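Visitor:
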Amino acid sequence: MHPPTTKMADFDEMIEKAVQEGVAPGLVLIAGDKTGKLDYRKTFGNASLNGAGDTQQREPQPQPMSARDSAFTWMSLTKLPTAVAILQLVEQGRLSLDADVADQLPELAAQPVISSSSDGADTLVPRRAAITLRHLLSHTSGLQYPFIPGALAAYYERRARAGGEGFDMAKRRARVQERFGVPLVYEPGEGWCYGPGLDWAGLLLERTVDESLDAYVKRSVWAPLGVQEGEMPSYFPKTSSSSSSSSSDMNNVATSARGPNGKMVGVPDMPAPPAPEAAFGGEGMRGTMDTFVRLLRSLTLDDGVLLRPETAALLFEPQLRGRWDASKTALRDLLAGADWLSGVAPPQGDEYDWGLGGLLVDGDSHAYRRPGCLMWSGMFNSSWFIDRKAGVYGVFGTQCLPPGDSPIRNLTEAFQEEVYRRANKLNKSSSSP
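Just so you know, this note's numbering puts 150 at position 150 of the sequence shown, and the rest follows in order with no gaps.
1) Is DSSP giving ARG388 helix, strand or coil here?
2) Going by alpha carbons, who is nearest to ALA47 out of ARG68, LEU299, ASP303?
3) Which residue comes first and which comes last in the alpha helix (DSSP H) that contains THR123?
4) Mapping the DSSP letters down to three states, classify LEU205 as helix, strand or coil.
5) Decide if the stretch 135-148 is in contact with the stretch 214-232; the criterion is three or more beta carbon pairs, one per stretch, under 8 angstroms apart.
6) Taking contact to mean 3 or more Cβ pairs, one atom from each stretch, closer than 8 angstroms, check whether the stretch 31-39 and the stretch 390-408 are in contact.
7) Taking the C-alpha atoms as reference points, what is the distance between THR412 and GLY281?
8) Excluding sequence positions up to five away, which residues of its chain have a Cβ less than 8 angstroms from the Cβ of ARG159?
9) Taking TRP324 and GLY189 to be in contact with their CB atoms under 8 angstroms, please state how far apart those CB atoms are, rounded to whole angstroms.
10) Under three-state DSSP, which class holds VAL227?
11) Check this for me: beta carbons of GLY397 and PHE72, under 7 angstroms apart or not?
12) Between TRP354 and SER138, which are expected to be in contact by the criterion C-beta below 8 angstroms, what is the C-beta distance as a whole number of angstroms?
13) With 16 other CB atoms within 10 Å as the buried threshold, where does ALA254 fall?
14) Does the distance from the CB of LEU356 to the CB of LEU301 come in under 7 angstroms?
15) In terms of alpha-carbon separation, which member of GLY372, GLY191, LEU401, GLY404 lies closest to ASP333?
16) Please work out which residues of its chain come closer than 6 angstroms, Cβ to Cβ, to VAL395, disregarding the five sequence neighbours upstream and downstream, and give them in chain order.
17) Looking at the structure shown, is GLY337 part of a helix, part of a strand, or coil, going by DSSP?
In structure tokens form, the structure reads like this:
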């Protein structure tokens, strides 16, 4: 289903109506272009519905959404700043994209590969190929999230039915090597599946710099972008004892969910998960959309603040085509049937690849996205995009369930189309300034 076509004057009214009618919860939408002429920044609704949300953050009256003060749980939006931080170390020569990470990550190196026979029996076999940082950043290492549909989830379900141990998230919260010390579902480089590669890469960063991922990203990513201490996103958003918990002072956005009547409702008394003992580079941050969009703008401008242009280009270069063609095929197949995929909603028939920063348009079949357009999303349906060739970028900020919610996806597509329209870039013959 494609989003409705809107005229420039109608878009804000359409979004406002969707929020007022419960089609969407509160939203923060921010976009811009390379020239600075487009500076779209709008908030809609409240940070919680009917005051429902985390009991530790509940307010007597819902607070209006704020681009600067409403702190979202970013989920997989976290992957982009983590990837930038890791590429800084690659640029400095402290990490290599194609070296075996076994020495630095022995817990990962020890993981076997699942081999399933035609009769459904599972065997764990030793891994043959090396795991590299490039594998971790491009989701080609064989790691898969155990809580989304896929081979690893099925493996743990079969184990549990046979009386063995399944995957219990509650027992695996504390550290990356405990939560994601799981078998691989294929040999590195022989497939593609969405997984915790960025979490392991964040641990690799920590062991390389002898500093927490949280502290490093604050110092090397957010501070150079002009983010002040009280505005810093954090991998430890609710740990008051953490020196990096500055985002806990913000107005935390409560999670909403689509109810039986099709309208968004607050999730009452949604408990906060136990505080992690370590940073998770693929999912852990909480911060504002105003802060996140600073990163998008810097990468769109290619201003050299965070990465040299030749290093930043790796975020936007196809990693699968010509290197791991089986992985590219697996990515295409996943996009065709991933109902849980939030935000980006790639239409079938487009050509896609994976850059070191996210999902990458690798063809020219889309109506307005250019080849090289980079994008991704999070479990709570927030999403972002950077189209360097068109010179535009944007973030759609929300916090609701289920992942891949169809009405939210349609609004996201409408937002992205509107950004291109307002920047006069809907026509692909319009080159970037």
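Glycine included, each C-beta is placed from N, C-alpha and C at the ideal position. Here the structure is a predicted model, which is why all the values come from computation and not from measurement.
Guide: The short version:
1) coil
2) ARG68
3) Premise fails: THR123 lies in the beta strand (DSSP E), 122-125, not in any alpha helix (DSSP H).
4) helix
5) no
6) yes
7) 25 angstroms
8) ASP122, GLU165, GLY166
9) 5 angstroms
10) coil
11) yes
12) 5 angstroms
13) buried
14) no
15) GLY191
16) ILE30, MET289, PHE292, VAL293, TRP384
17) helix
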